[in-house]
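Some notes on the structure that comes next.
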Amino acid sequence: MRIDEIGKDEGKAGKIGNIDVAVYNGEDGTIVLDATCTHMGCIVSFNSADKTWDCPCHGSRFKADGTVFAGPAVAPLNRIAFRIESSEIIFD
Ligand code: FES
268 MRIDEIGKDE GKAGKIGNID VAVYNGEDGT IVLDATCTHM GCIVSFNSAD KTWDCPCHGS
328 RFKADGTVFA GPAVAPLNRI AFRIESSEII FD
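Here the sequence shown is numbered in my numbering, starting from 268 and rising by one per residue.
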């Protein structure tokens with residue numbers, strides 16, 4: 268996944284390798300999260316209006332940085348360490 272495909276202050280869910288990721292291109296930098304909802308494992312998608320990651324299964328919502336905004340999930344989305352090379356997001 269390329270960071271230059273994501274607008275500023277926008278997010279995009281997708282795959283890097285076989286990992287479901289939720290990438291937020293924030294004003295203060297890029298955040299890469301595991302897109303797997305910590306409630307029961309569904310995949311979140313970005314809500315551009317509210318700048319949240321929303322889970323389609325039971326309504327959990329997470330802030331752009333992965334912290335819980337609304338349950339039933341109680342744990343944040345997991346952050347993934349990454350680096351960017353030529354706009355490409357890469358895991359070590
Ligand atoms: S799996 Fe996401 S809210 Fe239940």
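The beta-carbon is built from N, C-alpha and C at its ideal position, and this holds for glycine as well.
None of the values given here were measured: they were computed from a predicted structure.
For residue i versus residue j, is the C-beta spacing smaller than 8 Å?
i	j	result
isoleucine 310	alanine 302	yes
valine 288	methionine 268	yes
Comparing the CB of residue i with every heavy atom of ligand 1, is any distance shorter than 7 Å?
i	result
methionine 307	yes
serine 327	yes
proline 343	no
alanine 340	yes
Please list the terminal residues of the continuous beta strand (DSSP E) segment that includes residue i.
i	result
glycine 296	296-301
asparagine 321	One point to set straight first is that residue 321 is aspartate, not asparagine, in the sequence displayed. 319-321 is the extent of the beta strand (DSSP E) around aspartate 321.
glycine 278	277-283
Problem set entry | Continuous beta strand (DSSP E) assignments of at least 3 residues falling wholly in the stretch 303-354 | 312-314, 319-321, 328-330, 335-337, 350-352
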